[in-house]
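**Q** The structure's right below; bear with me while I get my questions together.
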Amino acid sequence: MANSHTAHDAHDDHHGAPQGFMQRWVLTTNHKDIGTLYLVFAGIMFFIGGAMAMVIRAELFQPGLQFVDPQFFNSMTTMHALVMIFGGMMPAWVGLANWMIPLQIGAADMALPRMNNFSFWLMPFAFILLMSTFFTGSGAPAGGWTLYPPLVLQGGDSFPMAMFAVHMMGASSIMGAINVIVTLMNMRAPGMTLLRMPLFCWTWLITAYLLILVMPVLAGAVTMLITDHFFGTSFFSAAGGGDPVMYQHIFWFFGHPEVYILILPAFGVVSEILPTFSRKPLFGYESMVYATASIGFLSFIVWAHHMFTVGMPLAGQLFFMLTTMLIAVPTGVKVFNWSATMWKGSLSFEPPMLFAISFLFLFTIGGFSGLMLAIAPADFQYHDTYFVVAHFHYVLVPGSLFAIIGGVYYWLPKWSGHMYNMTLAKWHFWLSAIFVNVLFFPQHFLGLAGMPRRIPDYAVQFADWNMVSSVGAFGFGVSQLIFPYLIWSCVRGGEKATAHVWEGSHGLEWEVPSPAPYHSWTEAPGLELIERGAAH
Amino acid sequence: MLRTHRLLTALGAAVAALAAPLAHAEWTLNMTTGVTSMSGEIFSLHMKMFWWCVAIAVFVFGWMIVSIVKFQKSKGAVADTAMLHSTKAEIIWTIIPVLILVVLAVPAAKTLIKLEDSRGSTLSVKVTGYQWKWQYDYLDQGVSYFSTLSRDSNAARQLQSGIDPTTVNEYLRDVDYPLVVPTGAKVRLLLTSADVIHAWWVPELAIKKDAIPGFVNELWFQVDADKPGIYRGQCVELCGRDHGFMPVVVEAKSPEDYKAWLAERQAAAKPAAIAANTP
Chain A
1 MANSHTAHDA HDDHHGAPQG FMQRWVLTTN HKDIGTLYLV FAGIMFFIGG AMAMVIRAEL
61 FQPGLQFVDP QFFNSMTTMH ALVMIFGGMM PAWVGLANWM IPLQIGAADM ALPRMNNFSF
121 WLMPFAFILL MSTFFTGSGA PAGGWTLYPP LVLQGGDSFP MAMFAVHMMG ASSIMGAINV
181 IVTLMNMRAP GMTLLRMPLF CWTWLITAYL LILVMPVLAG AVTMLITDHF FGTSFFSAAG
241 GGDPVMYQHI FWFFGHPEVY ILILPAFGVV SEILPTFSRK PLFGYESMVY ATASIGFLSF
301 IVWAHHMFTV GMPLAGQLFF MLTTMLIAVP TGVKVFNWSA TMWKGSLSFE PPMLFAISFL
361 FLFTIGGFSG LMLAIAPADF QYHDTYFVVA HFHYVLVPGS LFAIIGGVYY WLPKWSGHMY
421 NMTLAKWHFW LSAIFVNVLF FPQHFLGLAG MPRRIPDYAV QFADWNMVSS VGAFGFGVSQ
481 LIFPYLIWSC VRGGEKATAH VWEGSHGLEW EVPSPAPYHS WTEAPGLELI ERGAAH
Chain B
537 MLRTHRLLTA LGAAVAALAA PLAHAEWTLN MTTGVTSMSG EIFSLHMKMF WWCVAIAVFV
597 FGWMIVSIVK FQKSKGAVAD TAMLHSTKAE IIWTIIPVLI LVVLAVPAAK TLIKLEDSRG
657 STLSVKVTGY QWKWQYDYLD QGVSYFSTLS RDSNAARQLQ SGIDPTTVNE YLRDVDYPLV
717 VPTGAKVRLL LTSADVIHAW WVPELAIKKD AIPGFVNELW FQVDADKPGI YRGQCVELCG
777 RDHGFMPVVV EAKSPEDYKA WLAERQAAAK PAAIAANTP
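Residue numbers (my numbering), protein chains in the order written: chain A, 1 to 536; chain B, 537 to 815.
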């Protein structure tokens with residue numbers, strides 16, 4: 001960089017955050033502000049998607065239709081998934097990446113700050129578009145979040161709107177992923193080698209590659225749906241020589257890596273939290289990196305296990321069954337490494353640690369049911385029942401979501417400069433951990449007893465466990481209100497946080513003051529700091 | 537003889553009456569063992585998976601719980617910060633899961649191969665999914681009919697119908713005309729759809745397959761000769777507004793009863809066919 005620019009940049013560093021609302025939030029190119037925007041957006045979406053889940057569980061509280069029309073119920077299940085996956089989980093992870101990756105690798109900001117701003121501001125518009133489908137004559141999309149044709153083509157006016165919204169989310173995700181990759185590859189401080197990066201950076205690097213590889217595939221599938229509907233093509237219509245099952249293959253080629261996009265950063269966060277509160281370095285750092293990369297690779301060759309019942313040839317079923325079972329190996333390596341990290345440690349149980357430990361137990365339960373679902377002959381009994389619903393909610397709620405909550409409790413003092421109310425946060429944990437099991441565990445039983453998913457009403461033999469599950473859902477939903485209150489009060493004030501915040505914390509993000517200044521690491525950290533942080 | 541028969545009928549009715557309220561409150565936990573040659577095999581595969589998972593859970597969760605209890609800072613535990621990695625341990629916990637997976641994959645593959653072999657069937661029925669009912673077409677037998685949700689269920693399932701579902705016989709799991717098959721025979725179903733994708737499933741028969749417009753899928757089942765009865769399931773692929781209201785009901789009759797039923801249906805179908813052909 002030319003000298004005159006260096007001087008100018010140095011001058012800029014003394015500025016704090018811009019004063020005007022437009023300048024500060026709408027036009028921002030600061031990774032911390034954009035991270036905050038993403039996290040706030042994700043938080044709002046979690047509550048909107050959660051409200052839809054409450055409608056679903058209220059209708060399923062008893063047999064018979066009490067509250068909503070079946071079509072609206074289908075809209076609820078469809079929109080709940082779209083909002084939670086694309087509006088809640090993914091932006092929450094991008095928000096954490098924005099905040100933490102530059103801090104963790106000693107970079108001043110993300111590599112492409114203006115694109116960063118654009119990729120965030122696409123999201124609110126995408127979701128305004130998606131939500132506005134509720135006001136069309138046909139109602140919101142009701143064909144399931146997987147958007148299977150021919151059913152999705154019956155969506156009326158909501159169909160093109162939802163498709164365009166998916167395109168916008170995809171564009172946003174691709175830009176976010178490019179930003180993460182470029183930042184991690186080019187902006188690491190001198191001495192921060194790839195194998196010294198914190199595991200959160202590693203898991204996000206692999207996630208970003210998955211995103212870049214599969215989001216365009218989703219865009220392609222959605223575009224083909226649009227041309228089938230409006231421009232007379234028949235990619236997915238047998239009447240014109242197409243094949244509805246081909247859509248499912250394309251969709252799940254996106255969809256399976258997508259579920260790892262939601263869980264890999266969670267592995268990263270848990271790999272940060274466990275060593276901190278065990279006061280002991282992560283066990284098997286390198287094997288964690290390789291396990292994550294293996295999971296990323298395998299995610300591309302297992303997609304058709306979502307469609308064992310479409311009538312695939314035997315060889316196809318055998319292939320996808322075996323590759324799917326193989327995923328248990330690197331996932332097992334991770335779980336064993338986490339257990340070994342706690343072994344002979346010096347454990348304390350602050351809220352982030354509580355969420356990380358419950359992640360270990362409950363994500364593993366989701367892994368077990370995943371292993372059972374991999375067995376194709378048994379899957380003929382599990383497929384499209386509540387057993388599947390229980391499986392993926394165990395992986396996503398006490399899995400991904402608990403990791404997000406744990407990550408927020410872990411880094412919140414760094415962001416706000418204040419400690420939060422530990423007692424209330426522990427209440428939040430215990431209520432969440434108990435109710436999440438009351439909510440989802442009985443769904444295993446419902447699925448095994450034969451209750452299909454995505455039905456607004458059910459035969460009376462399913463009544464008992466549905467009622468239990470609904471009680472769990474209401475409890476879980478209400479408990480989550482503690483979370484925004486805690487964050488709000490922590491941002492407003494509280495006991496001053498130190499730079500290190502936690503006794504066992506390690507890594508570059510804990511070497512900057514709390515709250516992290518508006519511009520951090522404008523000078524690259526020295527080698528000594530990096531080596532101290534990379535305690536593995 | 538007649539008296540014993542009457543007595544048995546009365547007893548049966550009494551047992552059924554007692555069982556009815558219990559049926560509404562069954563806290564079912566597990567999969568059905570089913571009534572076909574394959575369903576028992578699939579059930580035991582499921583249980584084998586389950587017990588392996590339990591065994592692994594006991595080991596992993598046990599390890600974690602011991603760590604959580606034993607190595608607490610408040611109890612004075614000091615961290616062993618030199619414990620960074622162990623190639624030996626890492627190799628062991630890669631190899632052992634691979635071996636477990638091989639042990640599980642072999643029987644699973646065997647069952648799968650059997651399930652996909654539909655040769656030697658004695659009856660073929662074409663099943664067509666519609667929004668929201670099924671059509672059963674007995675190929676080369678001249679019998680074809682629709683199967684839709686029973687009237688009682690349909691009245692009760694309307695939004696705020698005011699009808700208590702527990703008072704309805706087999707609420708949402710009853711149809712006007714079930715699929716009738718003989719016991720002991722290998723029945724092949726050819727599945728397709730007239731509009732969107734549906735999926736045909738009866739848990740007791742342990743088979744589920746999608747009905748896809750423009751394509752024909754094949755599945756087979758063989759109800760055990762000693763297990764005639766009515767087996768209930770429903771559509772399991774989201775197919776629009778009334779997806780939850782298109783049950784699948786299979787009535788397995790003894791071969792003699794089945795023959796009688798078929799003759800009756802054929803006789804009923806004939807005048808209609810003649811009428812349709814008369815100008």
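In this text, a Cβ means the ideal position worked out from N, Cα and C, and glycines have one as well.
If the criterion is Cβ atoms closer than 8 Å, does the pair LEU225/A and LEU147/A meet it?
**A** Contact flag set, yes.
**Q** For a minimum of 3 consecutive residues, which ranges assigned as the beta strand (DSSP E) are wholly contained in the segment 563 to 629 of chain B?
**A** If we require 3 residues or more, the segment 563 to 629 of chain B turns out to have no beta strand (DSSP E) run fully inside it.
**Q** Measure how close the beta-carbons of MET467/A and PHE61/A come, nearest whole angstrom, since I'm counting them as under 8 Å.
**A** Indeed they touch by this definition, with Cβ atoms about 6 Å apart.
**Q** Under three-state DSSP, which class holds ALA734/B?
**A** This sequence places His at residue 734/B; Ala is not what is there. The answer is strand: DSSP assigns HIS734/B an E or B state.
**Q** Using only the alpha-carbon positions, how far apart do ILE733/B and PRO150/A sit?
**A** Going from the Cα of ILE733/B to the Cα of PRO150/A covers about 7 Å.
**Q** Pick from TRP99/A, ALA208/A, LEU210/A and THR223/A: whose alpha carbon is nearest that of PRO160/A?
**A** Minimum Cα distance to PRO160/A is reached at THR223/A.
**Q** Which of helix, strand or coil does DSSP assign to ILE128/A?
**A** Three-state result, ILE128/A: helix.
**Q** Would you call the segment 750 to 764 of chain B in contact with the segment 699 to 714 of chain B, where contact means no fewer than 3 C-beta pairs closer than 8 Å?
**A** No: the two stretches stay apart, fewer than three of their Cβ pairs being nearer than 8 Å.
**Q** Which bits of chain B does LYS280/A rub up against, with CB to CB less than 8 Å?
**A** In chain order: ALA615, ASP616, THR617 and MET619.
**Q** Excluding the 5 residues flanking ALA374/A on each side, which residues of the same chain have their C-beta closer than 7 Å to its C-beta?
**A** Excluding sequence neighbours, ALA374/A sits near HIS305, MET321, THR324 and MET325.
**Q** If you measure beta-carbon to beta-carbon, which residues of the segment 740 to 755 of chain B are closer than 8 Å to chain A?
**A** Going along the segment 740 to 755 of chain B in chain order, one finds ALA742, ILE743, LYS744, LYS745, ASP746, ILE748, PRO749, GLY750, PHE751, ASN753 and GLU754 with a Cβ nearer than 8 Å to chain A.
**Q** If the cut is a Cβ gap below 8 Å, which residues of chain A does TRP599/B touch?
**A** The answer, in chain order, is SER339 and TRP343.
**Q** For the alpha helix (DSSP H) containing ALA747/B, name the first residue and the last one.
**A** No alpha helix (DSSP H) contains ALA747/B, which is instead part of the beta strand (DSSP E) from 743 to 747.
**Q** Would the beta-carbon of ASP457/A fall within 8 Å of that of ARG687/B?
**A** The answer is no: Cβ separation not under 8 Å.
**Q** Please return the same chain residues whose Cβ sits closer than 8 Å to the Cβ of TRP521/A, not counting the five positions on each side in sequence.
**A** The answer, listed in chain order, is PRO102, LEU103, GLY106, ALA107, ALA108, ALA189, LEU508 and VAL512.
**Q** Anyone know if the C-beta pair for VAL438/A and VAL471/A falls short of 8 Å?
**A** It is a contact, given that the beta carbons lie within the stated cut-off.
**Q** So ILE404/A contacts chain B; which residues on that side make the cut at Cβ distance below 9 Å?
**A** By Cβ distance, chain B contributes nothing, its closest Cβ being about 21 Å from ILE404/A, past 9 Å.
**Q** Taking 8 Å as the CB-CB limit, is THR630/B close to chain A?
**A** Output row for THR630/B: interface = yes.
**Q** Run the CB neighbour count on MET185/A, radius 10 Å, all protein chains shown included, and call it buried at 16 or more, exposed below.
**A** It counts as exposed.
**Q** State the start and end residues of the unbroken alpha helix (DSSP H) segment that holds PRO484/A.
**A** Where PRO484/A is concerned, the enclosing alpha helix (DSSP H) stretches over 482 to 492.
**Q** When the distance is taken between beta carbons, is VAL289/A closer than 8 Å to LYS414/A?
**A** Result no, Cβ atoms of LYS414/A and VAL289/A do not sit closer than 8 Å.
**Q** Contact check, VAL723/B vs LEU648/B under 8 Å by CB: the rounded distance?
**A** Actually they do not touch by this definition, with Cβ atoms about 20 Å apart.
**Q** Given a threshold of 16 other Cβ atoms within 10 Å of its Cβ, counted over all protein chains shown, does TYR485/A qualify as buried or as exposed?
**A** It counts as exposed.
**Q** Measuring CB atoms only, is the segment 234 to 250 of chain A touching the segment 168 to 177 of chain A, in the sense that at least three cross pairs come out at less than 8 Å?
**A** At 8 Å Cβ cutoff, the stretches do not touch.
**Q** What is the C-beta distance between GLY170/A and THR78/A, in whole angstroms, given that I count them as a contact (C-beta under 8 Å)?
**A** That pair is no contact at about 18 Å.
**Q** Taking the CB atoms as reference points, tell me whether HIS229/A and LEU153/A lie closer together than 8 Å.
**A** Result yes, Cβ atoms of HIS229/A and LEU153/A sit closer than 8 Å.
**Q** Answer yes or no: does any C-beta atom of chain B fall closer than 8 Å to that of ALA42/A?
**A** No, no contact with chain B.
**Q** What is the DSSP secondary structure of LEU347/A, reduced to helix, strand or coil?
**A** Correct three-state label for LEU347/A: strand.
**Q** Near ALA340/A, what residues of its chain come up, given a Cβ to Cβ distance below 8 Å and the 5 sequence neighbours on each side ignored?
**A** Contacts found: PHE283 and GLY284.
**Q** Could you check the C-alpha separation between ALA425/A and HIS418/A for me, to the nearest Å?
**A** If you take the alpha carbons of ALA425/A and HIS418/A, they lie about 14 Å apart.
**Q** Distance check for HIS519/A and ALA390/A, CA to CA, integer angstroms please.
**A** Answer to the nearest angstrom: the Cα atoms are 43 Å apart.
**Q** Using a Cβ-Cβ distance under 8 Å, would VAL596/B count as near chain A?
**A** Yes, VAL596/B lies at the interface with chain A (some Cβ there is under 8 Å from its Cβ).
**Q** Who are the near neighbours of HIS529/A in its chain, counting only those whose CB is closer than 6 Å to its CB and skipping five residues on each side?
**A** Checking the sequence, you will find Leu at residue 529/A rather than His. Once the five neighbours on either side are set aside, the close Cβ partners of LEU529/A are GLU511.
**Q** Name the two residues that bound the continuous alpha helix (DSSP H) containing ALA51/A.
**A** Per DSSP, ALA51/A belongs to the alpha helix (DSSP H) from 31 to 59.
**Q** State the Cα-Cα distance for the pair ILE334/A and ILE206/A, rounded to the nearest angstrom.
**A** The question names Ile, but residue 334/A in the sequence shown is Lys. Each residue's Cα considered, the two are about 15 Å apart.
**Q** Taking only beta-carbon atoms, is GLU800/B less than 8 Å away from chain A?
**A** No, because no Cβ of chain A sits closer than 8 Å to the Cβ of GLU800/B.
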